[in-house]
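Here is the structure we will look at.
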Amino acid sequence: MLMPCPLQKMDVSYAKHWKKRQPLEVGHRGMGNSYTKMNAGRENTIHSLNTAASRGADYVEFDVQLSKDKIAVIFHDFHVLVTVAKRRIPCAESQTSDVTSDYHEMAVKDLKLSQLQLLRLEHYKAYPGQAVQNYTRLTAEADEQVERLPFPTLVDALRQVDRSVGFNIEVKYPMMQKVLHFL
Numbered sequence: 000m001l002m003p004c005p006l007q008k009m010d011v012s013y014a015k016h017w018k019k020r021q022p023l024e025v026g027h028r029g030m031g032n033s034y035t036k037m038n039a040g041r042e043n044t045i046h047s048l049n050t051a052a053s054r055g056a057d058y059v060e061f062d063v064q065l066s067k068d069k070i071a072v073i074f075h076d077f078h079v080l081v082t083v084a085k086r087r088i089p090c091a092e093s094q095t096s097d098v099t100s101d102y103h104e105m106a107v108k109d110l111k112l113s114q115l116q117l118l119r120l121e122h123y124k125a126y127p128g129q130a131v132q133n134y135t136r137l138t139a140e141a142d143e144q145v146e147r148l149p150f151p152t153l154v155d156a157l158r159q160v161d162r163s164v165g166f167n168i169e170v171k172y173p174m175m176q177k178v179l180h181f182l
C-alpha cells in the first residue's frame, strides 16, 4: 500500500474519526444500466435488484412513486414519452426529422399501473445526438421475461427480491416548482 507519510494513518484526521469497518456495497437502481450496450439488465426491475443481491450488494437503492391508482411503483423518472400507433402519411412533406414530434409527455402519476405495465421502455440516451433529455420513450419488446419488465410494484420487490439484501428506498412525489428569474 502506498502511503504519503509512512508513520501517518487515516484512522484519525482533523475532520473525522474513521472507524475501521467494511464499506457497504449498494446497487444503484439494482444492477444495470438500462441505456448502454454493456448492461447486465434494465435498471429498476426485479431482475436488476436480484442480480445486485446475487453479486454481493448489501443494499439496493431505488425510487418509488405512486401511480394514478395509488399503487407504489418502482421507477426513477417522473415522466415518460408515450406514442400511439398512427397511419403512415404518404406525403414526404409530412415527415419530420424531430424524433420527439410523435411523442407525448405523460407523468407516471397520471397513468394506472395496468397502463404503465403495457409500456415498453427505451431511453433517450440510446440514441446519441438527440435533443431530448431526461425522458424515457417507448418501444415494443413483447418477449421480455416478467422479472425484467419495467414498473414493478413495491409489493413485488418485497416479495420477490432476495431477503439477504436491504432496501434503500427514495420516495418520490411530484411537486409544483416555483421558478425564480434573477437579472
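Everything in the sequence shown is counted per numbering that gives the first Met the number 0, starting at 0 for the first residue and increasing by one. Built from N, CA and C at the ideal position, the CB exists for glycine as well. Because the structure is a prediction, the values reported are computed rather than measured.
Give the C-beta separation of residue i and residue j to the nearest angstrom, bearing in mind that I take them to be a contact with Cβ-Cβ under 8 Å.
i           : j          : result
residue 147 : residue 44 : 5 Å
residue 164 : residue 52 : 4 Å
residue 168 : residue 74 : Contact flag wrong, Cβ pair sits at about 12 Å.
Look at the alpha carbon of residue i and the alpha carbon of residue j, and state the distance between them as a whole number of angstroms.
i           : j           : result
residue 66  : residue 18  : 42 Å
residue 149 : residue 20  : 35 Å
residue 54  : residue 29  : 11 Å
residue 114 : residue 79  : 12 Å
residue 47  : residue 24  : 15 Å
residue 27  : residue 158 : 19 Å
residue 161 : residue 145 : 16 Å
residue 105 : residue 22  : 39 Å
What does the Cβ neighbour count give for residue i, buried or exposed, with the cut at 16 atoms within 10 Å?
i           : result
residue 173 : exposed
residue 56  : buried
residue 156 : buried
residue 117 : exposed
Indicate whether at least one CB of chain D lies closer than 8 Å to the CB of residue i.
i           : result
residue 149 : Annotation note: the requested chain D is absent from the structure, which comprises a single protein chain.
Just to confirm my understanding: we take residue i, look at its own chain, exclude 5 residues before and 5 after, and list those with CB closer than 7 Å. What are they?
i          : result
residue 71 : 63, 65, 152, 153
Please list, in chain order, all residues of the same chain as residue i whose beta carbon is under 6 Å from its beta carbon, the five residues on each side excluded.
i           : result
residue 103 : 81
residue 58  : 25, 165, 167
Cβ pair count under 8 Å reaching 3, the stretch 101 to 120 against the stretch 58 to 77: Contact between the stretch 101 to 120 and the stretch 58 to 77 is present: three or more C-beta pairs spanning the two stretches fall below 8 Å.
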